[in-house]
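Numbering (the numbering used here), first residue to last: 20 to 152. Built from N, CA and C at the ideal position, the CB exists for glycine as well. Okay, so here's the structure we're looking at.
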């Protein structure tokens with residue numbers, strides 16, 4: 020179920036960005052990347068262990084840097100960062116024990132991120148005016 024909801028969420032984000040006009044602002048998708056990068060820090064806070072918060076913060080910083088680089092250098096960096104976060108969602112449990120992560124989260128967020136990254140790359144970055152998202 021989380022995969023189906025993730026598909027709808029990714030498509031809804033792109034439609035919302037377009038209909039609302041938010042995607043015209045090149046900071047829209049980088050901001051989404053920053054937010055999704057920080058969610059594991061939230062889960063680490065729920066976990067309650069400082070060591071987990073620190074580890075998750077390091078990974079969040081990587082995605083924040085990708086968002087900033089994409090904002091400055093080009094849309095495809097943002098799209099790749101969003102998709103990479105989806106891959107991170109699917110493998111996160113293999114190397115970080117964060118007890119605050121809901122059981123359904125990797126499937127949901129991984130699906131949203133991989134699909135959203137692809138949609139941004141193919142539909143947003145291909146626009147002639149998309150120097151950066």
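Is residue i helix, strand or coil when you go by DSSP?
i           : result
residue 37  : helix
residue 119 : coil
residue 76  : helix
residue 44  : coil
residue 67  : coil
Please report the residue range of the alpha helix (DSSP H) in which residue i lies.
i           : result
residue 140 : Taken as a continuous stretch (DSSP letters only), residue 140 belongs to no alpha helix (DSSP H), as it is neither H nor E.
residue 144 : Segment: none, residue 144 is in no alpha helix (DSSP H) and carries neither H nor E.
residue 105 : 94-114
Using 8 Å for Cβ pairs, my map puts residue i next to residue j. What's the rounded Cβ distance?
i          : j           : result
residue 98 : residue 136 : 5 Å
When you compare the region 71-85 with the region 124-144, are there three or more beta-carbon pairs, one atom per stretch, that lie closer than 8 Å? no
Decide if the region 91-98 is in contact with the region 69-77; the criterion is three or more beta carbon pairs, one per stretch, under 8 Å apart. no
Would you be able to state if there are at least three C-beta pairs under 8 Å between the region 114-128 and the region 58-66? yes
Would the region 106-114 and the region 37-52 be scored as touching if the rule is three or more Cβ pairs under 8 Å? no
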